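Inspection log for the structure reproduced underneath, given as C-alpha cells.
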Amino acid sequence: MRLSNMTWPQVETYFKSNDMVLISIGSIECHGRHMPLGTDTLIPDHLLEKIEQKSDVLIAPTIPYGACQSLSDYPGTIDIDCDILYQFCNQIFQSLYKHGARKFVFLNGHGGNIKTIERLALDYEKKGCLVAMLNWWLMAWDLNPAWKGGHGGGEETAAILGIDPSLVDKSEIGGELKFYHLSDNLKATGFRSVEFKGVSVEIPRSVTHITDSGWIGPDHPNTATEEWGREMLQASADYIVEFMEEFKKVKLG
Ligand SMILES: [Zn+2]
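So for the sequence shown, my numbering puts the first residue at 44; every next one is plus one.
See the structure below:
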C-alpha cells in the first residue's frame, strides 16, 4: 500500500486503525567501478516491492539520497550533509506523525545514514514513538553468515545481480583490492580503519585516498551470484514482513 497511490480519505481511514509506516532511504554513491550509483536505493526499493505483496503496512516514498561524505569525490556521488538529511527526514516524520504514525520502520540501504536515523529514533521516542532502523545488509549477515560483505563487495553485488544482472559491469570487477597505506606500518584496512601492530585505529579519509576503485572488502565482488542475490533479497523481505507483524504488537507508553 503506497502513500503516493492513496487518496487522503484512504490515508485518514488507515491511520484510524494503524500507526505504522514503512519508509526507505538509500544513497547515490560510488560502489566500486562495477556497480550502479543507486545500489543503496535500488536494493531497498526492490525489497519494498516484495514486502508490499505480503504486508498491509503503509509505504511512504523512498528517500533516494543519503550522507556520503567520504565517497563524494567519485563522479556521480551526491552527498547530503548530515544536518540537512536529518532536517529533511524530520520534516517527513513530523508530517506522518501529525497524521497518526507512531511506529516508523526505516529500511536503510546505506551505512552513512545510520547516525541520522539513530538521532531521529531517539527524538521520536521522546514523542511516544518507536523507530526501527532496518539496515538490510547487516540483517542479512544474521539471516545467513555466508552473506556477510562490505561496501561494493560480494553481498551488495549479489543483491544487484539478483535485481537486474545488466546493472553490474562485470568487466570492471578486477583483481585483489589495492589499499593506499599511510606508511609501511600503518596499513589501511577499511573505510576508516588503519592497522598498527595488530590494533585498529580510525583515520577517516576520502575513499579516493584509500583505494582506487571505491569498493572496500573484505569480500570480493567476484564471489557474487544471481542465485545468492535472489535468495538473500527474498529472505530479507520475508523477515521484514514478519518483523513488522511482531512490531505491531508492541504497546507504546
Ligand atoms: Zn552500499
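Built from N, CA and C at the ideal position, the CB exists for glycine as well. Values in this document were obtained by computation on a predicted structure and should not be read as measured data.
Residue span of the beta strand (DSSP E) that contains residue i, given as start and end
i	result
A175	173-178
N151	146-151
E298	In the structure displayed, the chain extends from 44 to 296; residue 298 sits before or after that span and is not available.
V242	242-245
I66	63-68
Inter-residue spacing [alpha-carbon to alpha-carbon] between residue i and residue j
i	j	result
H77	S67	24 Å
L295	G154	28 Å
V237	I246	7 Å
T82	F147	23 Å
N178	G152	6 Å
W180	S70	14 Å
L80	V174	27 Å
L220	G233	11 Å
G119	P87	20 Å
Y117	E72	8 Å
L46	Y108	19 Å
I206	T84	12 Å
G197	E55	43 Å
I216	A110	25 Å
Given residue i as reference, the closest of the options once Cα atoms are compared
i	options	result
N156	E269, M176, P52	M176
L225	P208, D83, V244	V244
A267	S249, K213, K221	K213
E274	K93, N48, I259	K93
L229	K240, K221, L220	K240
W51	F234, L101, D122, S115	L101
Q137	G119, P118, E168, K97	E168
K113	L150, V250, A103	First, the residue type needs correcting, since residue 113 is Ser and not Lys in the sequence shown. Measuring from the Cα of S113, the nearest candidate turns out to be V250.
H194	H142, G260, P208	G260
G218	G197, D227, H263	H263
V293	C172, K97, I206	C172
Q96	E55, M44, D116, A110	M44
D281	L85, E72, L91	L91
E288	A144, W190, Q277, D99	D99
Q134	A278, D122, I106, Y57	I106
A278	E215, S209, M182, A231	M182
C125	Y140, R162, H89	R162
Residue i beta carbon near ligand 1 (any heavy atom closer than 8 Å)
i	result
E269	no
D83	yes
W180	yes
S70	yes
E199	yes
G119	no
H74	yes
H77	no
G154	yes
G171	no
H89	no
G195	yes
Residue interval of the alpha helix (DSSP H) (run including residue i)
i	result
M287	269-291
F136	125-142
L90	82-95
I216	Where I216 is concerned, there is no enclosing alpha helix (DSSP H), given that its DSSP letter is neither H nor E.
Y57	51-60
R76	Per DSSP, R76 belongs to no alpha helix (DSSP H) and is neither H nor E.
Short CB-CB distance (under 9 Å) between residue i and chain C
i	result
I102	In the displayed structure, chain C is absent; only one protein chain is listed.
- Taking contact to mean at least 3 C-beta pairs separated by less than 8 Å, is the region 157-174 in contact with the region 129-146? Verdict: yes, contact present.
- Query: Any contact of the region 269-280 with the region 184-201, i.e. 3+ C-beta pairs under 8 Å?
  - Reply: The region 269-280 makes contact with the region 184-201; the number of CB pairs closer than 8 Å reaches 3 or more.
- Message: Taking 8 Å as the cut-off, does the region 68-87 touch the region 252-265 (at least 3 CB pairs, one atom from each stretch)?
- Response: Taking 8 Å as the limit for Cβ pairs, the verdict is that the region 68-87 does touch the region 252-265.
- Is the region 52-62 touching the region 185-193, taking contact as three or more C-beta pairs under 8 Å? Under the 8 Å Cβ criterion, the region 52-62 does not count as touching the region 185-193, having fewer than three qualifying pairs.
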